[in-house]
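Protein chains in written order, with the numbering used here: chain A, 131 to 244; chain B, 131 to 244. The C-beta atom is built at its ideal place from N, Cα and C for all residues, glycine as well. One structure is given below, encoded as structure tokens.
Protein chains: 2
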Amino acid sequence: MVKSLMNNTQLGALARTFSALADQSRLLILHTLRQNPCYVNELCEKTGLKQANVSKQLGILKNAGLVDAQRQGNLVHYTICEPIIFEICELVCNKLERDARRRLEDFAPAKRGQ
Amino acid sequence: MVKSLMNNTQLGALARTFSALADQSRLLILHTLRQNPCYVNELCEKTGLKQANVSKQLGILKNAGLVDAQRQGNLVHYTICEPIIFEICELVCNKLERDARRRLEDFAPAKRGQ
DNA sequence: TGACAATATCACTAAACTGTGATATTGTAA
DNA sequence: TTACAATATCACAGTTTAGTGATATTGTCA
Numbered sequence: 131m132v133k134s135l136m137n138n139t140q141l142g143a144l145a146r147t148f149s150a151l152a153d154q155s156r157l158l159i160l161h162t163l164r165q166n167p168c169y170v171n172e173l174c175e176k177t178g179l180k181q182a183n184v185s186k187q188l189g190i191l192k193n194a195g196l197v198d199a200q201r202q203g204n205l206v207h208y209t210i211c212e213p214i215i216f217e218i219c220e221l222v223c224n225k226l227e228r229d230a231r232r233r234l235e236d237f238a239p240a241k242r243g244q
Numbered sequence: 131m132v133k134s135l136m137n138n139t140q141l142g143a144l145a146r147t148f149s150a151l152a153d154q155s156r157l158l159i160l161h162t163l164r165q166n167p168c169y170v171n172e173l174c175e176k177t178g179l180k181q182a183n184v185s186k187q188l189g190i191l192k193n194a195g196l197v198d199a200q201r202q203g204n205l206v207h208y209t210i211c212e213p214i215i216f217e218i219c220e221l222v223c224n225k226l227e228r229d230a231r232r233r234l235e236d237f238a239p240a241k242r243g244q
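Here's what the structure looks like:
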């Protein structure tokens, strides 16, 4: 259970963490890193995002404590350091799927199966 | 497990849900509603936010499918309709606490207990 | 009907954010 | 040292967002 009473500092920190997750490009980066931790240039290729943008978003993710960076010579290797983000995404994805299913039911009630 | 491959539509929907959670005022409203579902005017009193603001944020939360509204005469009663948001907040809060603890350890290593 | 209360919406301002080209930084290797 | 590659940072434009006072909408009651 979340603490039953939260203070403003806690709510602010919570909001900042959600902000880090509230962008499609950053989610794409996390999703990509999940398949394989990799270097910045690889992230650019895999995601199709530009280098400056990838670096910027990685900075935000790192600042939120979601990814870790490790310099290897000329390269920087990024890893996800908070697997809980995938639990969280799973919970939200399930909710979204339920929502969509419910919306369909409004048009095609009683159809069973998917 | 989250689907191992997500498409842009899914990532976008995910980002939009996190956006709804990425604001301190909205988290405060959710937190308040969690103690007791209530009417808009009560929310204004309990949170100290202005009426126009509360209505606006409630609209965003409702649009994200996080709260439900039920008109009762002149009043509108709001309820949280997605308890999973508390699981999510709990996961994030635990992470934040771990982060803070780790940060403390950098200054006061080996102190045990809290 | 008219007066009033609760809530939602509008129009606006100030602040924050995304993506980008250009540039700075950091490391390698000759 | 110099040249070069990978990444981070800067400065900027365009977009989005939160909060607010004013107003519109919706419902109650007399």
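Residue i touches chain B at which residues, Cβ-Cβ below 7 Å?
| i | result |
| --- | --- |
| F148(A) | F148, L151, A152 |
| L157(A) | L141, L144, A145 |
| D229(A) | G195 |
Tell me the DSSP bridge mates of residue i?
| i | result |
| --- | --- |
| R233(B) | R233(B) pairs with nothing; no bridge assigned. |
| L205(A) | Q202(A) |
| V184(B) | Answer is none; V184(B) lacks a bridge partner. |
| C168(A) | Y208(A) |
| V222(B) | For V222(B), which the question treats as bridged, DSSP gives no partner whatsoever. |
What does residue i reach in chain B if we use C-beta pairs closer than 8 Å?
| i | result |
| --- | --- |
| K225(A) | T147, G195, E212, I214 |
For residue i, which residues in chain A fall below 8 Å Cβ to Cβ?
| i | result |
| --- | --- |
| Q140(B) | C223, L226 |
| I218(B) | I218, L221, V222 |
Please identify the residue among the options whose C-alpha is closest to the C-alpha of residue i.
| i | options | result |
| --- | --- | --- |
| D229(B) | A230(A), R231(A), L226(A), C211(A) | C211(A) |
| R201(A) | T209(A), A194(A), G195(A) | T209(A) |
| P167(B) | E217(B), P213(B), H207(B) | H207(B) |
| K225(B) | L196(A), D236(A), L234(A) | L196(A) |
| D198(B) | L141(B), L163(B), G142(B) | L163(B) |
| D153(B) | N138(A), V170(A), Q187(A) | N138(A) |
| I159(B) | L144(B), F148(B), G178(B) | G178(B) |
| L157(B) | I215(B), R231(B), L135(B), G203(B) | I215(B) |
| R146(B) | E175(B), L135(B), K176(B), A194(B) | A194(B) |
| Q140(A) | S155(B), L234(B), R233(B), L141(B) | S155(B) |
| G142(A) | C219(B), R232(B), E235(B) | C219(B) |
Enumerate in chain order the residues of its own chain whose CB-to-CB distance from residue i is below 7 Å, with the five nearest sequence positions on each side excluded.
| i | result |
| --- | --- |
| K133(A) | Note on K133(A): pLDDT 49, under 50, position unreliable in the model; the coordinate value appears next. No residues qualify anywhere along the chain. |
| K176(B) | T162 |
Tell me which same chain residues have a C-beta within less than 6 Å of the C-beta of residue i, skipping the five on either side of it?
| i | result |
| --- | --- |
| M131(A) | Low confidence applies to M131(A): its pLDDT is 44, below 50, so where it sits in the model is not reliable enough to give any reading. |
| R232(B) | none |
Round the Cβ separation of residue i and residue j to the nearest angstrom and send it over; I've been treating them as touching at under 8 Å.
| i | j | result |
| --- | --- | --- |
| L144(A) | C223(B) | 7 Å |
| F237(B) | F148(A) | Going by Cβ atoms, the distance from F237(B) to F148(A) rounds to 28 Å, so no, they are not a contact pair. |
| L221(B) | E217(A) | 6 Å |
Excluding the 5 residues preceding and the 5 following residue i in the sequence, name in chain order all residues of the same chain whose CB lies nearer than 8 Å to its CB.
| i | result |
| --- | --- |
| V170(B) | Q181, V184, S185, L188, L205, V206, Y208 |
| L191(B) | A150, R156, I159, L160, V197 |
| P239(B) | none |
Kindly examine the ligand MN and report whether one of its heavy atoms sits closer than 7 Å to the Cβ of residue i.
| i | result |
| --- | --- |
| F237(A) | This structure lacks the ligand MN; in fact it carries no ligand of any kind. |
Which residues in chain A have a C-beta closer than 9 Å to the C-beta of residue i? List them in chain order.
| i | result |
| --- | --- |
| H207(B) | The contacting residues do not exist; H207(B) stays about 21 Å from chain A at best. |
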